[in-house]
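A.B. asks:
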Amino acid sequence: AKTPVRVAVTGAAGQIAYSLLFRIANGDLLGKDTPVILQLLDLPQALNAVNGVVMEIDDCAFPLLAGVVITDDPEVAFKDADIAILVGARPRSKGMERADLLAANAAIFKVQGAALNKAASRDVKVLVVGNPANTNAYIAMKSAPDLPAKNFTAMLRLDHNRALSQLAAKAGVAVSSLEKLAVWGNHSPTMYADYRATTANGESIKAKINDEAWNRDTFLPTVGKRGAAIIEARGLSSAASAANAAIDHVRDWVLGTNGGWVSMGVPSDGSYGVPEGIIFGVPATCENGEYTVVKGIELDEFSKERFKITLDELLSEAEGVADLLK
Ligand code: NAX
Numbered sequence: 138a139k140t141p142v143r144v145a146v147t148g149a150a151g152q153i154a155y156s157l158l159f160r161i162a163n164g165d166l167l168g169k170d171t172p173v174i175l176q177l178l179d180l181p182q183a184l185n186a187v188n189g190v191v192m193e194i195d196d197c198a199f200p201l202l203a204g205v206v207i208t209d210d211p212e213v214a215f216k217d218a219d220i221a222i223l224v225g226a227r228p229r230s231k232g233m234e235r236a237d238l239l240a241a242n243a244a245i246f247k248v249q250g251a252a253l254n255k256a257a258s259r260d261v262k263v264l265v266v267g268n269p270a271n272t273n274a275y276i277a278m279k280s281a282p283d284l285p286a287k288n289f290t291a292m293l294r295l296d297h298n299r300a301l302s303q304l305a306a307k308a309g310v311a312v313s314s315l316e317k318l319a320v321w322g323n324h325s326p327t328m329y330a331d332y333r334a335t336t337a338n339g340e341s342i343k344a345k346i347n348d349e350a351w352n353r354d355t356f357l358p359t360v361g362k363r364g365a366a367i368i369e370a371r372g373l374s375s376a377a378s379a380a381n382a383a384i385d386h387v388r389d390w391v392l393g394t395n396g397g398w399v400s401m402g403v404p405s406d407g408s409y410g411v412p413e414g415i416i417f418g419v420p421a422t423c424e425n426g427e428y429t430v431v432k433g434i435e436l437d438e439f440s441k442e443r444f445k446i447t448l449d450e451l452l453s454e455a456e457g458v459a460d461l462l463k
């Protein structure tokens, strides 16, 4: 039998986790032949709720579930973790300034980065979902100097999947036929979903849609503000689709994409003019448990403009937390 894979999930009492945990235990993350151990972290006041979720997980009698750990101690949660999905974060409360939100989350991800550094597998694959996801991943990475920087990623996959679905509907093609979409930058309304290279059954989607006004005035705002539209309609933020995107991100990273492009927030190696270390959404392919950034994509004028907006936002977030990293 295969050795169980240790998957740590933070924010385990929250609504994204309520979708995510059941799918991980069901084998959707690592395949139907890989047993998993769930290592669940939340705040002390939420542990009772985590217990309730675990009662339901127990009641599913998942054949692949080899164990569950419940804790409020990051070092216990990350002990020997092979995968760490960091969902828990401090939400923006009424009247809270952006700087306060950044600072509150910086404090959380500093502690969690240090705990990963100390306790996790040296090959741990980290996905940060909790917002501001890119900057939280940046802080965790900076707080884990003994782990390879490339192990720290942020979730752009929900934006990627949202864009795929909008494009498929507009072009009248199946989502599954789409290839080579790139989402650049920050997981925020400034992200730039770039379909210039996208094809459906080998044909250019840009040529098929042939509508630059739609790209600028409808597509990008729809994808960028999709989270807010879901809150407006549902009364709650997107949770099942966020959990699904987290599964897609980690599964593809571990099991590979067969040459297909996915969008991931990864520490920049300096390409595309993004300063080294900034966690930036890029198109990537995955093979043998490693991702490779797609290089050499030319940016046209419009793309350069969009690229700059989202990069500037990330640089200002990095500047906002610089003191906390000293
Ligand atoms: P919830 O508020 O339902 O759950 C968050 C959970 O995290 C709570 O149980 C809370 O107690 C816990 N928590 C807070 N601080 C913690 C800490 N220091 N250690 C461990 N646990 C902690 O939020 P939910 O809807 O699950 O969303 C979680 C995060 O995902 C939010 O930051 C949200 O903004 C973010 N999202 C990110 C997305 C992305 O694409 N990157 C999309 C969806 C989502 O909006």
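Residues in the sequence shown are numbered consecutively from 138, following my numbering. Think of the CB as a built atom: it goes at the ideal place given N, C-alpha and C, for glycine as much as any other residue.
1. Could you check if G309 is buried or exposed, using at least 16 other CB atoms within 10 Å of its CB as the buried criterion?
2. For the candidate residues G418, V190 and P211, whose alpha-carbon lies nearest to that of V248?
3. May I ask you to list the residues that DSSP assigns as paired with E212?
4. Helix, strand or coil for R127 per DSSP?
5. Out of V191, A186 and V399, which one is the CA nearest neighbour of I174?
6. Considering only residues of the same chain and omitting the five flanking positions on each side of S156, which have a CB-CB separation below 6 Å?
7. List the whole-angstrom C-beta distance separating S258 from D217, where the pair is believed to meet the contact cut-off of C-beta under 8 Å.
8. Which term fits K262, buried or exposed, when burial requires 16 or more other beta carbons within 10 angstroms of its beta carbon?
9. Please report the straight-line C-alpha distance between V265 and G148, rounded to a whole angstrom.
10. Can you list, in chain order, the residues of its chain whose CB lies under 7 Å from that of E340, leaving out five sequence neighbours each side?
11. Going by the C-beta, is P326 closer than 7 Å to any heavy atom of the ligand NAX?
12. Among the residues of its own chain, which have a CB less than 7 Å from the CB of R245, if the five just before and after it don't count?
13. Since A169 is in the alpha helix (DSSP H), which residue starts that stretch and which ends it?
14. Just verifying my parser: in three-state terms, what is the DSSP assignment at D331?
15. From the DSSP output, which residues share a beta bridge with K127?
C.D. replies: Considering the structure as presented:
1. By 1-based counting over the sequence shown, the position of residue 309 is 172. Exposed, because fewer than 16 other Cβ atoms sit within 10 Å of the Cβ of G309.
2. As a position in the sequence shown, residue 248 is number 111, starting the count at 1. Of the candidates G418, V190 and P211, the one whose C-alpha sits nearest the C-alpha of V248 is P211.
3. If you number the sequence shown from 1, residue 212 lands on position 75. Answer by DSSP bridge pairing: none, since E212 is not bridged.
4. In the structure displayed, the chain extends from 138 to 463; residue 127 sits before or after that span and is not available.
5. The residue labelled residue 174 in the question sits at position 37 within the sequence shown. I174 has its Cα closest to that of V191, out of V191, A186 and V399.
6. On the sequence shown, position 19 is the one that residue 156 refers to. Once the five neighbours on either side are set aside, the close Cβ partners of S156 are A376, A377 and A380.
7. On the sequence shown, residue 258 is found 121 positions in, with the first residue counted as 1. On the sequence shown, residue 217 is found 80 positions in, with the first residue counted as 1. With 8 Å as the limit, S258 and D217 qualify as a contact, their Cβ atoms being about 6 Å apart.
8. Residue numbering aside, residue 262 sits at position 125 when the sequence shown is read from its first letter. Buried, by the Cβ-count rule.
9. Here residue 265 refers to the residue found at position 128 when the sequence shown is read from its first residue. Here residue 148 refers to the residue found at position 11 when the sequence shown is read from its first residue. Answer to the nearest angstrom: the Cα atoms are 11 Å apart.
10. Taking the sequence shown and counting its residues from 1, the one referred to as residue 340 is at position 203. Nothing listed; no residue qualifies.
11. In the sequence shown, the residue the question calls residue 326 occupies position 189. For the ligand NAX, not one heavy atom lies less than 7 Å from the Cβ of P326.
12. As a working note, residue 245 is residue 108 in the sequence shown. It should be pointed out that residue 245 corresponds to Ile in this sequence rather than to Arg. A226 and R227, listed in sequence order.
13. As a working note, residue 169 is residue 32 in the sequence shown. Reading the sequence as shown, one finds Lys at residue 169 and not Ala. Looking at the DSSP string, K169 is not in any alpha helix (DSSP H), and its letter there is neither H nor E.
14. To locate residue 331, count along the sequence shown from 1; it is residue 194. It is a strand residue.
15. Since the first and last residues shown for the chain are 138 and 463, residue 127 lies out of range.
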